[in-house]
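Numbering (the numbering used here), first residue to last: 4 to 92.
Spelled out as structure tokens, the structure:
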């Protein structure tokens with residue numbers, strides 16, 4: 004008997020709120036917040052792009068989409084980790 008792993012899906016992050024595709028997303032390659040939001044198909048009409056929050060355990064990270072796409076405060080564009088919640092109000 005031979006068993007082979009086709010894909011590892013045990014690591015994931017979660018997108019909630021005012022994005023076009025919410026839910027659990029497999030974390031198979033290093034992914035930044037900006038990449039995750041792009042992969043979610045963009046924002047819904049009433050999304051507050053300035054007050055995005057990433058929850059990691061008991062830590063909160065702020066993400067201002069408008070600043071990051073202008074090349075300002077790029078330190079906000081962190082790499083996501085297993086279990087992170089990206090919340091777009």
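In this text, a Cβ means the ideal position worked out from N, Cα and C, and glycines have one as well. This structure is a prediction, so every number in the text was calculated from the model and none was measured.
Going straight from the alpha carbon of residue 92 to that of residue 76, what length do you get?
A straight line joining the alpha-carbon of residue 92 with that of residue 76 spans about 20 Å.
Measuring straight from C-alpha to C-alpha, what distance separates residue 43 and residue 4?
A straight-line Cα-Cα distance of about 39 Å links residue 43 and residue 4.
Could you check if residue 55 is buried or exposed, using at least 16 other CB atoms within 10 Å of its CB as the buried criterion?
Burial call: buried.
CB contact flag (residue 66, residue 28, <8 Å):
Taking 8 Å as the Cβ cut-off, residue 66 and residue 28 do not qualify as a contacting pair.
Close beta carbons around residue 16, own chain, < 8 Å, minus the five adjacent residues each side:
Within the same chain, residue 16 has close Cβ partners 27, 28, 30, 34, 39, 83, 84, 85, 86, 87, 88 and 89.
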